[in-house]
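Residue numbers (the numbering used here): 4 to 407.
Have a look at the structure below, then the notes.
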């Protein structure tokens, strides 16, 4: 009897090992670039470039410098030692602010004669992510932590103050803030899981924030993980990136760009992309809403993990780029062949109609499938300047339009 029990346990254990190996090989064999330390420090690569201030242009991309940028632009290292850099915001005195989510820190980057100095303004936060300066009072900074929305009044001695609670825990813990064209504050809250039916409707949604009464109101739903958003400069529409679910293969589902309208449901977990039913999630289950959800506006390659996005303004930028959309592809972890790890430029007309897409800044993923960094947020400024955060390399890049 004991022999049979030991044999059964052994068979179960062996089967578990075989299944685990199969699962890891099937879904995680392309994960190394996302998790391994980079083969070279990006700071060392920039410092090896023998140009003033380590600026690199497209012409120099014919050398061994790994990052490739579109012609007409330069890239330089703006700040280093910014571990786990995520969301960027420009402060009222022209200093960059950055959330360091995994470290629980919000930092200010001060430009001095000796370079950029990091000041860790707030420590001990619970996964701070979204940052937004108040439109009417630019000295007030809103901060979205995993479990609460707070604010800090700059240049005062007062502490950070809570506005309201947010749902905590879950797979997607980032909370991101953006101002709408109506001058209202919005917050995106990711799903608590890869794919499931949420019991708390605040998950997998975008909510409107009533700052006066300290309340949240539903705005859009069915958004698995719309981590970043931006406003179209002509139409005033809110555009967001959204990451599709995992474990449907290398080519499914697409990651997405969605245009958010009040009251719309964008399909997750029942649909993905252009209203494709997810037959692996409760194929016989009843969809808990009437009618068809809103399909994706632009399908992106699967698993590229789109994060920051920004429209290119007119002031200081070449006319051919006006109103184009830049998207940071953070890079895959569950595609058998690593994808992403670059910034894509989506060519659009002034109403946001899709015309094509091109690499704007690439090269973080090396030929031997190692990642030098992972781009996160894009902060585009008038005057032909933009900043890019990198949470793997712990740096901020500066991209500038070259003078004609």
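Using N, Cα and C, we set each Cβ at its ideal position, and we do this for glycine too.
- Counting only runs of 3+ residues, the beta strand (DSSP E) found wholly inside the stretch 151-204 occupies 151-156, 164-168, 178-182 and 188-192, in chain order.
- In this chain, the alpha helix (DSSP H) harbouring residue 48 covers 45-50.
- Bridge partners of residue 93 according to DSSP: 99.
- With three or more CB-CB distances shorter than 8 Å, the stretch 391-401 counts as touching the stretch 87-105.
- Within the stretch 210-298, no complete alpha helix (DSSP H) segment of 4 residues or longer occurs.
- Taking a C-beta distance under 7 Å as the contact criterion, residue 304 and residue 275 do not qualify as a contact pair.
- The shortest C-alpha to C-alpha distance from residue 246 to any of 293, 196 and 356 is the one to 196.
- Taking all protein chains in view, the Cβ of residue 363 is crowded by 16 or more other Cβ atoms within 10 Å, so the residue is classified as buried.
- Excluding its 5 nearest sequence neighbours in each direction, residue 351 has C-beta neighbours in its own chain below 7 Å: 326, 327, 328, 357 and 358, listed in chain order.
- In its chain, beyond the 5 residues on either side, 109, 110 and 111 have a beta carbon closer than 7 Å to the beta carbon of residue 124.
- A Cβ-Cβ contact shorter than 7 Å links residue 135 with residue 180.
- In the DSSP annotation of this structure, the continuous segment of the alpha helix (DSSP H) that includes residue 37 starts and ends at 35-38.
- Annotation for residue 156: 142 and 143 place their beta carbon closer than 7 Å to its own, counting only its chain and skipping 5 residues before and after.
- For the options 250, 81 and 209, the alpha carbon positioned closest to that of residue 242 is the one of 209.
- Per DSSP, residue 127 lies in no beta strand (DSSP E) segment and is marked neither H nor E.
- Taking 8 Å as the upper bound for CB-CB distance, residue 151 and residue 165 are in contact here, some 5 Å apart.
- Shown here, residue 345 sits in a strand according to DSSP, grouped into three states.
- Three or more pairs of CB atoms, one per stretch, sit closer than 8 Å, so the stretch 373-391 contacts the stretch 307-326.
- Secondary structure note for residue 78: its beta strand (DSSP E) is the uninterrupted segment 76-83.
- Secondary structure of residue 371 (DSSP, three-state): coil.
- When DSSP states are grouped into helix, strand and coil, residue 322 belongs to the helix group.
- Under the three-state reduction of DSSP, residue 104 is assigned to helix.
- Nearest to residue 147 by alpha-carbon distance, out of 122, 189 and 184, is 189.
- Excluding its 5 nearest sequence neighbours in each direction, residue 198 has C-beta neighbours in its own chain below 6 Å: 248, 272 and 284, listed in chain order.
- The distance from the Cβ of residue 192 to that of residue 169 is about 7 Å, consistent with a contact at the 8 Å cut-off.
- Residue 347 is a Cβ neighbour of residue 360, given a cutoff of 7 Å.
- In the three-state reduction of the DSSP assignment, residue 377 falls in the coil class.
- Scanning 40, 76 and 44 for the CA closest to the CA of residue 386 turns up 76.
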